[in-house]
Amino acid sequence: MPLTIGKIASLAQVSADTLRYYEREHLIAPAAKSAGGYRLYERDALRRIRFIKQAQQCGFNLAEIRSLLALRGSNAACCRDVRHVALEKKLQLEAKIKAMKVMSNALTQLIKECSADSRPVDDCPILAALERANGVKRRSR
Amino acid sequence: MKIELFYTPGCQECANARDELRTAAKEIIPGVIWRELNALDELDYAVEVGVITLPAIAIDGELVFSSLPTRRQLQRELTKWTAGAG
């Protein structure tokens with residue numbers, strides 16, 4: 001029995017708006033529309049929605065998920081094709097983690113430089129360091 | 142000089158091109174060190190070099206190609222590289 005957008009959204013724990021968004025992004029489409037124009041989905045769509053959600057949690061963007069879905073539905077593709085995509089995504093995530101660690105370490109250093117006293121913000125060493133990083137010299141008072 | 146090719150295990154595209162590129166590199170620069178690295182086993186190093194797509198090629202630890210070059214592209218890059226080093 002076909003499911004309405006509200007029903008399938010509830011089963012998949014997403015909002016109906018999310019499903020409409022997925023549809024605009026060509027990730028999912030209703031199997032049919034009712035006489036009244038309401039979207040109707042087959043039960044299989046539930047698996048597809050869960051796949052999309054899980055892939056998003058692994059850091060894949062919608063374009064990448066579209067590629068994964070295409071691989072999933074392709075007879076010519078095999079597991080190593082998917083592994084290749086997953087490995088590239090992991091490399092991208094690790095590169096972001098590395099960049100964020102650098103940022104975090106920079107903040108640790110700035111926090112150390114600040115004694116957290118009640119000096120006015122014009123004398124704040126953190127703000128001064130950020131301005132220096134932008135090549136702006138602080139005006140002396 | 143050290144050339145490192147990062148690849149995904151099982152990638153047929155990489156396997157086909159690897160031999161040709163290795164031969165080309167050794168012809169252009171005799172004595173070049175050619176390494177083929179499984180990105181899964183060398184993930185940390187791949188990230189350090191800046192690899193985010195596979196296959197990729199680094200020369201002396203610097204990412205130079207983020208996809209497999211043609212023989213001609215590799216040749217051009219190696220020539221430039223050796224000229225710079227000299």
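Protein chains in written order, with the working numbering: chain A, 1 to 141; chain B, 142 to 227.
Note that the Cβ used here is the ideal one computed from N, Cα and C, for glycine as well.
Just so we're clear, the structure is a prediction, and the values are computed from it rather than from any experiment.
Proximity winner among 57/A, 85/A, 102/A, relative to residue 70/A (alpha-carbon distances) = Here the question's residue 70/A lines up with position 70 in the first sequence. Among 57/A, 85/A, 102/A, the Cα nearest to that of residue 70/A is on 85/A.
query = residue 75/A by DSSP, collapsed to three states: which one?
reply = Here residue 75/A refers to the residue found at position 75 of the first sequence. Residue 75/A falls in the coil class under three-state DSSP.
Within-8 Å CB hit, residue 72/A to chain B = Your numbering for residue 72/A matches position 72 in the first sequence. No, residue 72/A lies away from the interface with chain B (no Cβ there is under 8 Å from its Cβ).
ask   = Anyone know if the C-beta pair for residue 55/A and residue 68/A falls short of 8 Å?
value = Mapped onto the first sequence, residue 55/A falls at position 55. Mapped onto the first sequence, residue 68/A falls at position 68. Yes, the pair counts as a contact, with Cβ atoms nearer than the cut-off.
ask   = Can you tell me the Cα-Cα spacing of residue 205/B and residue 19/A, whole angstroms?
value = For this step, residue 205/B is matched to residue 64 along the second sequence. For this step, residue 19/A is matched to residue 19 along the first sequence. So the alpha carbons of these two residues sit roughly 41 Å apart.
message = Between the segment 106-119 of chain A and the segment 186-206 of chain B, can you find at least three pairs of beta-carbon atoms closer than 8 Å?
response = No, because fewer than three Cβ pairs between the segment 186-206 of chain B and the segment 106-119 of chain A fall closer than 8 Å, the two stretches do not touch.
inquiry  = Tell me which residue opens and which closes the alpha helix (DSSP H) that residue 188/B is part of.
reply    = As a working note, residue 188/B is residue 47 in the second sequence. That run of the alpha helix (DSSP H) goes 184-190.
task = Tell me whether residue 25/A sits in a helix, a strand or coil according to DSSP, three-state version.
result = Taking the first residue of the first sequence as position 1, residue 25/A is located at position 25. Three-state result, residue 25/A: coil.
task = Measure the alpha-carbon distance for residue 211/B versus residue 162/B and round it to whole angstroms.
result = Position 70 of the second sequence, counted from the first residue, corresponds to residue 211/B. Position 21 of the second sequence, counted from the first residue, corresponds to residue 162/B. So the two alpha carbons sit approximately 8 Å from each other.
query = Going by C-alpha distance, which of 32/A, 35/A, 43/A, 33/A is nearest residue 9/A?
reply = If you number the first sequence from 1, residue 9/A lands on position 9. Answer by Cα proximity: 43/A.
request  = Measuring only between beta-carbons, confirm whether residue 209/B sits less than 8 Å from chain A.
outcome  = Sequence index remark: in the second sequence, residue 209/B carries index 68 (1-based). No - not a single Cβ of chain A is within 8 Å of the one on residue 209/B.
ask   = Is it the case that the Cβ atoms of residue 183/B and residue 146/B are separated by a distance below 8 Å?
value = Walking along the second sequence from the start, residue 183/B turns up at place 42. Walking along the second sequence from the start, residue 146/B turns up at place 5. No.
message = So residue 65/A and residue 45/A are supposed to be a Cβ contact under 8 Å. How far apart are they, rounded?
response = Looking up residue 65/A in the first sequence gives position 65. Looking up residue 45/A in the first sequence gives position 45. That pair is no contact at about 15 Å.
request  = Kindly say whether residue 64/A, judged by its beta-carbon, lies nearer than 8 Å to any beta-carbon of chain B.
outcome  = Counting from 1 along the first sequence, the entry for residue 64/A is found at position 64. Chain B contact via Cβ: absent.
ask   = Residues of chain A with CB under 7 Å from residue 181/B, in chain order?
value = Mapped onto the second sequence, residue 181/B falls at position 40. 87, listed in chain order.
ask   = Exposed or buried, what is residue 13/A when buried is set at 16 or more other beta-carbons lying within 10 Å of its beta-carbon?
value = For the purposes of this step, residue 13/A is taken as the residue at position 13 of the first sequence. By the neighbour-count rule (16 or more Cβ atoms within 10 Å), residue 13/A is not buried but exposed.
Coarse secondary structure for residue 178/B, derived from DSSP in three states = The count along the second sequence starts at 1 and reaches residue 178/B at position 37. Residue 178/B: strand per DSSP, three-state reduction.
task = Provide the residue span of the alpha helix (DSSP H) that contains residue 47/A, from first to last.
result = Position 47 of the first sequence, counting from 1, holds the residue named residue 47/A. Element bounds for residue 47/A: 44-57.
ask   = What residue from 21/A, 24/A, 31/A has the CA that sits closest to residue 3/A's CA?
value = Reading the first sequence from its first residue, position 3 is the one you call residue 3/A. When each option's Cα is compared against that of residue 3/A, the closest is 31/A.
key: Same chain, Cβ closer than 6 Å to residue 52/A, neighbours up to 5 away in sequence not counted   = The residue given as residue 52/A occupies position 52 in the first sequence. Correct list, in chain order: 27, 65.
query = When the cut-off is 8 Å and only beta carbons count, does residue 144/B lie next to chain A?
reply = What you label residue 144/B is simply residue 3 of the second sequence in a count that begins at 1. With 8 Å as the cut-off, residue 144/B does not count as an interface residue toward chain A.
message = Taking the beta carbon of residue 39/A as the centre, do at least 16 other beta carbons fall within 10 Å, making it buried, or is it exposed?
response = In the first sequence, the residue the question calls residue 39/A occupies position 39. Under this definition residue 39/A is a buried residue.
Start-to-end residues for the alpha helix (DSSP H) that takes in residue 12/A = Against the first sequence, residue 12/A aligns to sequence position 12. Taken as a continuous stretch (DSSP letters only), the alpha helix (DSSP H) holding residue 12/A covers 5-12.
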